[in-house]
Ligand SMILES: NC(=O)C1=CN([C@@H]2O[C@H](COP(=O)(O)OP(=O)(O)OC[C@H]3O[C@@H](n4cnc5c(N)ncnc54)[C@H](OP(=O)(O)O)[C@@H]3O)[C@@H](O)[C@H]2O)C=CC1
Ligand SMILES: O=C(O)CCC(=O)C(=O)O
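Structure follows, in structure tokens:
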């Protein structure tokens with residue numbers, strides 16, 4: 003008992019989370035990162051927070067739904083996948099967060115993503131709580147019919163737990179407009195309700211303009227704000243990007259519009275170095291339309307190099323934007339970036355930088371923005387989609403884009419270390 007009393011509250015909760023969630027490395031990593039950064043604040047009022055079990059409540063999901071998805075493939079074989087929806091916290095609004103479809107998905111990954119979503123969603127200033135879901139289903143190489151069969155079977159269980167004012171899922175890795183369309187169709191079939199229960203929908207059935215672009219564009223609006231605040235700009239800067247999916251493509255597009263030269267992108271098998279700057283229209287054709295490997299990009303760009311494996315962070319750049327997946331930028335990568343003179347690292351993906359790499363970059367004076375702030379544009383525009391659905395109206399691309407820009411600028415400006423506290427008017 004005495005030993006317990008001597009332990010700081012943060013250490014106590016970290017130990018508790020580790021022992022209650024063994025074999026969940028990503029979830030423990032995300033909790034450690036957040037609680038370590040909150041430590042100075044918690045320690046100022048430790049006994050009160052302990053009495054109210056604030057950190058235990060913050061780190062324990064409201065609800066974890068685990069379910070089986072059975073579907074039939076094109077050969078007539080029944081397939082079975084594990085699926086999850088973790089409703090983490092709805093203190094400020096309906097649970098909100100994407101659905102990840104990738105063979106690497108585990109409960110640990112969904113919990114880390116749901117946990118991060120609480121803070122990200124609150125940073126947007128919009129009334130959305132945190133949640134996340136997904137499955138170890140691999141959409142790669144599947145026919146449209148197989149994707150549809152999986153999505154319908156997935157929604158046949160999920161619909162019982164969601165609703166426009168309860169929990170509003172969206173896209174993430176492996177879940178784009180096509181999957182959201184199949185999921186929404188099944189939700190309507192099962193419930194008879196036409197409501198804003200999913201975001202990232204097609205424009206003809208309640209989707210918002212600019213949701214496709216939102217995460218990548220938002221990342222660049224915040225990066226631009228960060229550079230401006232340090233007397234710099236993206237104009238003429240060399241930028242390295244990882245990934246070649248939704249976030250990466252629209253980050254590249256906006257970085258180029260703002261005058262940067264993006265020289266890399268990657269997927270799970272290899273990466274491109276294009277010294278002339280990534281041709282984003284070609285990249286869209288390869289990844290969004292044909293859904294094929296980056297080797298196809300190389301075939302159309304004689305000056306570009308294609309390399310197997312990983313290696314984006316060995317390329318010299320001023321700004322690095324990891325936009326693929328968790329833990330894709332490690333300490334060795336961080337050292338290479340620093341030795342090549344990187345000025346800023348802003349996360350497009352969720353937790354792409356390991357804890358060691360984050361600490362190293364910050365110690366070396368690199369401007370670092372965590373995904374919870376820098377990739378919040380996607381979920382922010384999802385919340386704007388919910389508002390449009392509620393009022394049965396559609397806003398123009400320019401209106402949504404301007405609101406996105408304002409939200410990202412606000413996130414940056416309101417959360418500066420040393421910034422004067424803005425008093426609430428209430
Ligand atoms: N979409 C959104 O609105 C938001 C997404 N995010 C985060 O951004 C990141 C990217 O998401 P998004 O662009 O939507 O997903 P996509 O599925 O559209 O793209 C993911 C990209 O990352 C690559 N990738 C995925 N897993 C791995 C892996 N294990 N190793 C190497 N490369 C990998 C994929 O390559 P391949 O095609 O070969 O699999 C693909 O190029 C994720 O961390 C996601 O959680 C954050 C905020 C919002
Ligand atoms: O748009 C959304 O609701 C969720 C986006 C998302 O999954 C994320 O921010 O990581």
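In this note's numbering, the protein residues as written are 3 to 428.
C-beta atoms are modelled at their ideal positions from N, C-alpha and C, and glycine is treated no differently.
Quick caveat, the model's predicted, so the values are computed rather than measured.
#1: The beta strand (DSSP E) that contains residue 430, what's its start and end?
#2: Under 9 Å, do residue 115 and residue 25 count as touching if we go by C-beta distance?
#3: Between residue 327 and ligand 1, is the CB less than 8 Å from at least one heavy atom?
#4: For a test of the three-state rule: what should DSSP assign to residue 428, helix, strand or coil?
#5: Determine the DSSP secondary structure at residue 251, reduced to helix, strand or coil.
#6: Mind checking which residues open and close the alpha helix (DSSP H) that includes residue 82?
#7: Whose CA, out of 296, 210, 41 and 300, lies closest to the CA of residue 398?
#8: Rounded C-beta distance between residue 225 and residue 346? I'm assuming under 8 Å.
#9: Would you check whether ligand 1 has a heavy atom nearer than 8 Å to the C-beta of residue 245?
#10: Spatial neighbours of residue 12 within its chain, please: CB distance less than 6 Å, with the 5 preceding and 5 following residues excluded, ordered by chain position.
#11: Determine the DSSP secondary structure at residue 151, reduced to helix, strand or coil.
#12: Please list the terminal residues of the continuous beta strand (DSSP E) segment that includes residue 44.
#13: For the candidate residues 125, 169, 242 and 127, whose alpha-carbon lies nearest to that of residue 325?
#14: Residues in the same chain with beta-carbon distance under 6 Å from residue 120, minus the five sequence neighbours each way, listed in chain order, please.
#15: Can you check which of these residues, 201, 148, 62 and 113, is closest to residue 80 by C-alpha distance?
#16: Restricting to Cα atoms, I'd like to know which of 232, 373, 365 and 146 is closest to residue 350.
#17: For the alpha helix (DSSP H) that contains residue 13, what are its first and last residues?
#18: Take residue 58 and list the residues in its own chain whose beta-carbon comes closer than 8 Å to its own, dropping the five residues that flank it on each side.
#19: Going by the CB atoms, is the gap between residue 71 and residue 213 shorter than 9 Å?
#20: Do you know how far the Cα of residue 390 is from the Cα of residue 164?
#21: How would you write the range of the alpha helix (DSSP H) that residue 115 sits in, first residue to last?
So, from the listed chains and residues:
#1: Missing from the structure shown is residue 430; the chain here goes from 3 to 428 and no further.
#2: Counted from its first residue, the chain shown places residue 115 at position 113. Counted from its first residue, the chain shown places residue 25 at position 23. No, the Cβ-Cβ distance between residue 115 and residue 25 is not below 9 Å.
#3: In the chain shown, counting from the first residue as 1, residue 327 sits at position 325. Because some heavy atom of ligand 1 lies under 8 Å away, the Cβ of residue 327 counts as near it: yes.
#4: Counting from one through the chain shown, the residue named residue 428 turns up at place 426. Note that residue 428 scores 27 on pLDDT, short of 50, meaning its location in the model is unreliable; the coordinates nonetheless yield the value given after this. Correct three-state label for residue 428: coil.
#5: As a working note, residue 251 is residue 249 in the chain shown. Of the three classes helix, strand and coil, the one that applies to residue 251 here is helix, per DSSP.
#6: On the chain shown, residue 82 is found 80 positions in, with the first residue counted as 1. Note, residue 82: premise wrong, no alpha helix (DSSP H); beta strand (DSSP E) at 80–91.
#7: By one-based count along the chain shown, residue 398 stands at place 396. Residue 210 is the option with its Cα nearest to residue 398.
#8: On the chain shown, residue 225 is found 223 positions in, with the first residue counted as 1. On the chain shown, residue 346 is found 344 positions in, with the first residue counted as 1. Yes, they are in contact, since the Cβ atoms of residue 225 and residue 346 sit about 7 Å apart, within 8 Å.
#9: On the chain shown, residue 245 is found 243 positions in, with the first residue counted as 1. Because some heavy atom of ligand 1 lies under 8 Å away, the Cβ of residue 245 counts as near it: yes.
#10: Residue 12 sits at position 10 when you count from the first residue of the chain shown. Result list for residue 12: 37, 41 and 44, in chain order.
#11: Here residue 151 refers to the residue found at position 149 when the chain shown is read from its first residue. Per DSSP, reduced to three states, the secondary structure at residue 151 is helical.
#12: Residue 44 sits at position 42 when you count from the first residue of the chain shown. Looking at the DSSP string, residue 44 is not in any beta strand (DSSP E); the run it does join, the alpha helix (DSSP H), is 27–46.
#13: Locating residue 325 in the chain shown gives position 323, where the first residue counts as 1. Comparing Cα positions, the closest option is 242.
#14: Here residue 120 is taken as the residue at index 118 of the chain shown, counted from 1. Within the same chain, residue 120 has close Cβ partners 90, 91 and 132.
#15: As a first step, residue 80 is located in the chain shown; it is residue number 78 there, counting from the start. Closest by alpha carbon: 148.
#16: Taking the chain shown and counting its residues from 1, one reaches residue 350 at position 348. Taking only the C-alpha atoms, the option nearest residue 350 is 373.
#17: The count along the chain shown starts at 1 and reaches residue 13 at position 11. Taken as a continuous stretch (DSSP letters only), the alpha helix (DSSP H) holding residue 13 covers 11–22.
#18: Numbered from 1 along the chain shown, position 56 holds the residue referred to as residue 58. So the qualifying residues of the chain are 15 and 18.
#19: On the chain shown, position 211 is the one that residue 213 refers to. On the chain shown, position 69 is the one that residue 71 refers to. No, Cβ-Cβ distance for residue 213 and residue 71 is not below 9 Å.
#20: If you number the chain shown from 1, residue 164 lands on position 162. If you number the chain shown from 1, residue 390 lands on position 388. Whole-angstrom Cα-Cα distance: 19 Å.
#21: As a position in the chain shown, residue 115 is number 113, starting the count at 1. Note, residue 115: alpha helix (DSSP H), 109–125.
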